[in-house]
Amino acid sequence: AQSVTQLGSHVSVSEGALVLLRCNYSSSVPPYLFWYVQYPNQGLQLLLKYTSAATLVKGINGFEAEFKKSETSFHLTKPSAHMSDAAEYFCAVTSVGSGNTGKLIFGQGTTLQVKP
Amino acid sequence: ETGVTQSPTHLIKTRGQQVTLRCSSQSGHNTVSWYQQALGQGPQFIFQYYREEENGRGNFPPRFSGLQFPNYSSELNVNALELDDSALYLCASSYGQGGIYEQFFGPGTRLTVL
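First to last, the protein sequences are chains X and U. Take 2 as the starting number for the first sequence in my numbering and just add one per residue. Take 2 as the starting number for the second sequence in my numbering and just add one per residue.
Shown next, in the form of structure tokens:
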């Protein structure tokens, strides 16, 4: 079975400060990991994904994440927050395997607030 | 290239009624997955359709059912609506059924059950 835990349901940073959103996963098979962003009243947009290639993954809008197998973590970072980054962020896991649907298992989400 | 679209945007139903939600997949995609996102929660996988066949199902009762059509668009049907069915329903399409294929999400349908 797979699961995702996002530490901190709400994170508040000042504009220009470092953004760090935490995600830990559990998976009995090699995982694929994703970060999605959701703006109010919208669907999910993919920020970045890890699919067993480079462990440091760069995504859109200046975000990046590092896959650390020993820590079962996939934390999302951005060096300098913008007001437009305020949104809900979801970490998700899936895996590759015979008959696998690729269904995504999501964490509970982290609301990022950016203060001026 | 048109993205994933869903209709309607919002819907209000009463307990016990039935509802049908629709999803048009992105051009070239043959797989559609449906997710339920309750308020303040992450999305939960309902089921997936691949080339018109149900390909996998999450922990949802049989009153949640679906279809996929030859053009790969899809419907989600929910019978005997309950208050807890109030949620944002997200559709996602992809080129294939495995985890390696990125899922592209639509804007969702907000269902309110009174």
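We put the CB at the ideal spot given by N, CA and C, even for glycine. Bear in mind that the values here come from a model prediction, so they are computed numbers and not experimental data.
### Message
Which same chain residues end up closer than 6 Å to Leu-115(U) when comparing Cβ atoms and leaving out the 5 residues on each side of it in sequence?
### Response
One-based indexing of the second sequence puts residue 115(U) at position 114. Around Leu-115(U): Thr-15.
### Query
Tell me, which residues are paired with Pro-32(X) by DSSP?
Taking the first residue of the first sequence as 1, we reach residue 32(X) at position 31. Its beta-bridge partners are Ser-96(X).
### Task
Using three-state DSSP, classify Ile-101(U) as helix, strand or coil.
Indexing the second sequence from 1 puts residue 101(U) at position 100. Ile-101(U): coil per DSSP, three-state reduction.
### Task
Within the same chain, show all residues whose beta-carbon is closer than 6 Å to that of Gly-60(X), passing over the 5 residues directly before and after it, in chain order.
Translated into positions along the first sequence, residue 60(X) becomes position 59. Excluding residues within five positions, the ones whose Cβ falls inside 6 Å are Leu-48, Leu-49.
#### Entry: Contacts that Ile-101(U) makes with chain X (C-beta to C-beta distance below 8 Å)
Taking the first residue of the second sequence as 1, we reach residue 101(U) at position 100. Going along chain X in sequence order, the residues near Ile-101(U) (Cβ under 8 Å) are Tyr-33, Thr-52, Val-97, Gly-103.
### Query
CB-CB under 6 Å to Ser-99(X), same chain, minus the five flanking residues each way: which ones, in chain order?
Numbered from its first residue, the first sequence carries residue 99(X) at position 98. Summary for Ser-99(X): the model assigns pLDDT 45, below 50, so the residue's position carries little reliability; its value from the coordinates is reported in the next sentence. Excluding sequence neighbours, Ser-99(X) sits near nothing in its chain.
### Query
Looking at the C-beta of Tyr-37(X), does it have a partner C-beta in chain U at a distance below 9 Å?
For the purposes of this step, residue 37(X) is taken as residue 36 along the first sequence, with counting starting at 1. By this cut-off, Tyr-37(X) is an interface position.
### Query
Just curious, the beta strand (DSSP E) that Ser-74(X) is in, first and last residue?
Residue 74(X) sits at position 73 when you count from the first residue of the first sequence. For Ser-74(X), the uninterrupted beta strand (DSSP E) segment begins and ends at 74–79.
### Buried or exposed by the 16-neighbour rule on C-beta atoms within 10 Å, applied to Asn-56(U)
Numbered from 1 along the second sequence, position 55 holds the residue referred to as residue 56(U). Asn-56(U) should be labelled buried.
### Task
Show which residues of chain U have a CB atom less than 9 Å away from the CB atom of Phe-107(X).
Here residue 107(X) refers to the residue found at position 106 of the first sequence. In chain order: Tyr-36, Gln-38, Gln-42, Gly-43, Pro-44, Gln-45, Phe-46.
### Message
Against Asn-56(U), what residues of chain X qualify as contacts under a CB-to-CB distance less than 8 Å, listed in chain order?
### Response
Stepping through the second sequence from its first residue, residue 56(U) is reached at position 55. Within chain X, the residues near Asn-56(U) are Thr-102.
### Query
Between Leu-21(X) and Gly-9(X), what straight-line distance do the alpha-carbon atoms span, to the nearest angstrom?
As a first step, residue 21(X) must be located in the first sequence, where it is residue number 20. As a first step, residue 9(X) must be located in the first sequence, where it is residue number 8. Their Cα atoms are separated by approximately 10 Å.
### Query
Does the beta-carbon of Leu-82(U) have 16 or more other beta-carbons within 10 angstroms, so that it is buried, or is it exposed?
As a first step, residue 82(U) must be located in the second sequence, where it is residue number 81. The residue in question, Leu-82(U), is buried, as its Cβ has 16 or more Cβ neighbours within 10 Å.
### Query
What first and last residue would you give for the beta strand (DSSP E) that runs through Glu-11(X)?
Numbered from 1 along the first sequence, position 10 holds the residue referred to as residue 11(X). Checking the displayed sequence, the identity of residue 11(X) turns out to be His instead of Glu. Residues 11–15.
### Query
Relative to the alpha-carbon of Tyr-26(X), which residue among Leu-19(X), Val-38(X), Val-94(X), Lys-116(X) has its alpha-carbon at the smallest distance?
Position 25 of the first sequence holds residue 26(X). Comparing Cα-Cα distances from Tyr-26(X) to each of Leu-19(X), Val-38(X), Val-94(X), Lys-116(X), the minimum goes to Val-94(X).
### Task
Under 8 Å by Cβ, that's how I've got Tyr-96(U) and Gly-29(U) pegged, so tell me the actual separation to the nearest angstrom.
As a position in the second sequence, residue 96(U) is number 95, starting the count at 1. As a position in the second sequence, residue 29(U) is number 28, starting the count at 1. That pair is a contact at about 7 Å.
### Task
Label Gln-45(U) either buried or exposed according to how many other C-beta atoms from any shown protein chain fall within 10 Å of its C-beta, with 16 as the threshold for buried.
To locate residue 45(U), count along the second sequence from 1; it is residue 44. With 16 or more Cβ atoms within 10 Å of its Cβ, Gln-45(U) is classed as buried.
### Message
For Val-20(X), would you say it is in contact with chain U, using Cβ-to-Cβ distances shorter than 9 Å as the test?
### Response
Here residue 20(X) refers to the residue found at position 19 when the first sequence is read from its first residue. Taking Cβ atoms only, chain U never reaches closer than 9 Å to Val-20(X), which makes this a no.
#### Entry: Gly-67(U) (DSSP reduced to helix, strand or coil)
Position 66 of the second sequence, counting from 1, holds the residue named residue 67(U). Gly-67(U) falls in the strand class under three-state DSSP.
#### Entry: Close beta carbons around Thr-73(X), own chain, < 6 Å, minus the five adjacent residues each side
Your numbering for residue 73(X) matches position 72 in the first sequence. Here the set comprises Asn-25, Tyr-26.
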